[in-house]
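My numbering numbers the first residue of the sequence shown as 84 and each following residue consecutively. Structure first, then comments.
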Amino acid sequence: MINILGIMCVSFFINNIIPGKSNKNRTINLIFSILTLYVILGELLKFNFNNNEYQERIEILGYTLGFDGIGISLIALMGVLDPILIMLIKGEREEGIERKRIINYIQIIKILIIILFAALDLFLFFITFELILIPMFLLISRYGSQYQYFLPRLEAGIRFFLYTMIGSILMFLGIIIMYIKYGTTSNELLNIKISETLLIGDTNNILILQVVWILLFFSFLIKIPMFPFHTWLPLAHSDAPTIGSIILAALLLKLASFGILRYSLYLYEPFNGSILEDSVYSIFLPIIYILALISIIYCSFIPLRGLYDFKKIIAYSSVIHMNFSIFGFFSKDLVGLIGASFLMFTHAFISSALFLLIGILYKRYHSRFLPYYQGLSITMPLFAFFFLFFSFANISLPFCASFLAEFFILVSSLHSNLFISILLVFSLIVSSAFMIWFANRLLFGTFSPYLLFSKESIGFKDLTYTEFLTLIPFFVFTFVFTFFPQSVVSILTLPVLYFI
């Protein structure tokens, strides 16, 4: 872990000593990102996935860091995305000094994400989560939608910041209550003390634990996001740069899922078989399921009612997938937990690839308005192939990467409630319909007359060499997850067993 953080800090330092107008920053940081990926893969290969304890433990400023199977897998996900993000910087801004600032924001986000996934302390988790919001806000408000006015970007950035900050206030209140009650925020010590509280059977203390559980969960609910707090995500995606959308879809949304696993499930693992567990699940589980169902069904119908901003269309599909995972996380079933955890990884690559493809179109034609486009398969066949491939993967078509993950979640939901399973299948059909309609409208039919008179359409360029290279990793990992899902499922099985 020290090696990973050390390389990133050196990369950040070098990026800031190179003159701002130099274009060497991108090349040097690309080399460092590949080196970081190499070190992360080395840690992944050394990791003992048959041991459910935290490994590679270190102490930094009184806080303990350590890896578990899910944490190191998510860090590996970040390591794979890192070189791609650096390669995409050239397309965001031409000015060397602006590229340097974007690289700085990305480096800060990466360092904080590694600390967050390795944090074995609730307060450290909270601090890193909140610090990530600052560079992300700057990416959205300063560098998003570069061919549009500044105010929509600023509004998207402010809404992103305020919504997530509301969730942070709830989490902070829960942390204060925990610290006052137990005098620590260490995950392992809190786990022990919660066990002792349950053994004693103190009604007042159990009520306090229930309140803290609610505060923590609702803070993650806003960040996932779930209805009615979902509106910040489509707006943030719509006005974020391509790099920002990839970070948001692949990494930031996973922070909330990871928080649910680490704190709503693991920290309260002593709940299992206790009166506290029964009360929490009997009271709040129906509410959680209802909110998740509303989120899925509502976001499935929104694009069918005349939504023409195609970044928002992909963003709503992200909301659907993230809420779908909620049913797996709270299924108390191994199949459901594996499915929800696996969905985190498939969604990261598939949604990121779709946002990258949409970003390529936006860079070409400076518009996100869907009726502006039609018949792109005629002039951009390679683009059309990748878009169809990832669209089919996004709707969980059989023999696609996310199909197995969502199938596992559906199987686990059958064990709890048949009616919920029927509604989930119905929502999948509707969301698939809008994704197929979207791909058909974009790629097929007669070529759009608007593009014929666009200055940017001269030559009708298909994917460039750099764009093709950045799409290949997403294609390869989606292919691997499709035909070799055991490569990830075997890693996730033991860690999620602890939550049953």
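Glycine included, each C-beta is placed from N, C-alpha and C at the ideal position.
{"Check": "Where D165 falls: helix, strand or coil (DSSP)", "Outcome": "helix"}
{"Check": "Length at least 4, wholly inside the region 398–473: the alpha helix (DSSP H) runs in chain order", "Outcome": "417–448 and 459–462"}
{"Check": "L437 versus P317: straight-line alpha-carbon distance, rounded", "Outcome": "14 angstroms"}
{"Check": "Beta carbon of I153 nearer than 8 angstroms to that of L344", "Outcome": "yes"}
{"Check": "Bounding residues of the beta strand (DSSP E) (the contiguous stretch that carries Y629)", "Outcome": "For residue 629 there is no data in the structure shown, the boundaries of the chain being 84 and 583."}
{"Check": "Same chain, Cβ closer than 6 angstroms to G356, neighbours up to 5 away in sequence not counted", "Outcome": "With a pLDDT of only 49 at G356, under 50, the local geometry of the prediction cannot be trusted, and no value is derived from it."}
{"Check": "For I196 and I143, the rounded distance between their alpha carbons", "Outcome": "15 angstroms"}
{"Check": "Own chain partners of L207 with C-beta closer than 6 angstroms, once the 5 adjacent residues on each side are dropped", "Outcome": "Y146"}
{"Check": "Contact belief for I413 with L368 at Cβ below 8 angstroms, rounded distance in angstroms", "Outcome": "The displayed chain sequence assigns Phe, not Ile, to residue 413. Rounded, the Cβ-Cβ distance is 6 angstroms, consistent with contact."}
{"Check": "Rounded separation between Y121 and I97 - CA only", "Outcome": "19 angstroms"}
{"Check": "Proximal residues to T267 (C-beta, below 7 angstroms), its chain only, five neighbours per side dropped", "Outcome": "L273"}
{"Check": "Meets three-Cβ-pair contact criterion under 8 angstroms: the region 283–302 and the region 181–197", "Outcome": "no"}
{"Check": "Heavy atom of the ligand COA within 7 angstroms of V559 beta-carbon", "Outcome": "In the structure on display, the ligand COA does not appear, and there are no ligands present to speak of."}
{"Check": "7 angstroms Cβ shell around I541 - same chain, five flanking residues per side excluded", "Outcome": "Bear in mind that the predicted position of I541 carries a pLDDT of just 48, short of 50, making it too unreliable to give a figure here."}
{"Check": "N-terminal and C-terminal residue of the alpha helix (DSSP H) that G266 is part of", "Outcome": "Premise fails: G266 is in no alpha helix (DSSP H) and is neither H nor E."}
{"Check": "Three-state secondary structure assigned by DSSP to I307", "Outcome": "coil"}
{"Check": "Distance between M91 and D151 (C-alpha atoms, nearest Å)", "Outcome": "21 angstroms"}
{"Check": "Cα-Cα separation between R388 and Y381, rounded to whole angstroms", "Outcome": "11 angstroms"}
{"Check": "Member of S424, T547 and Y372 whose CA lies at the smallest distance from the CA of L465", "Outcome": "T547"}
{"Check": "Beta-carbon proximity list for M254, same chain, < 7 angstroms, skipping 5 on both sides", "Outcome": "F209, L298, L299 and S302"}
{"Check": "Nearest-angstrom Cβ-Cβ length linking S504 and L487, presumed shorter than 8 angstroms", "Outcome": "17 angstroms between Cβ atoms; not a contact."}
{"Check": "Test item: CB-CB of P593 and F425 under 8 angstroms", "Outcome": "Nothing about residue 593 can be read from this structure; the chain reaches only from 84 to 583."}
{"Check": "From A484, V571, L203 and I189, residue whose alpha carbon lies closest to that of S116", "Outcome": "I189"}
{"Check": "Strand pairing of Y381, partner residues [DSSP]", "Outcome": "Answer is none; Y381 lacks a bridge partner."}
{"Check": "V571 versus W315: straight-line alpha-carbon distance, rounded", "Outcome": "31 angstroms"}
{"Check": "Classification of H498 by the beta-carbon crowding that lies within 10 angstroms, buried from 16 upward", "Outcome": "exposed"}
{"Check": "Coarse secondary structure for D322, derived from DSSP in three states", "Outcome": "helix"}
{"Check": "Cβ shell of I441 (< 7 angstroms), same chain only, five flanking positions each side left out", "Outcome": "F393, K394 and I397"}
{"Check": "Cβ neighbour criterion (16 or more within 10 Å) applied to P353", "Outcome": "Unreliable placement is indicated for P353, whose pLDDT of 47 sits below 50; no coordinate value is reported for it."}
{"Check": "F470 beta carbon less than 8 angstroms from that of A516", "Outcome": "no"}
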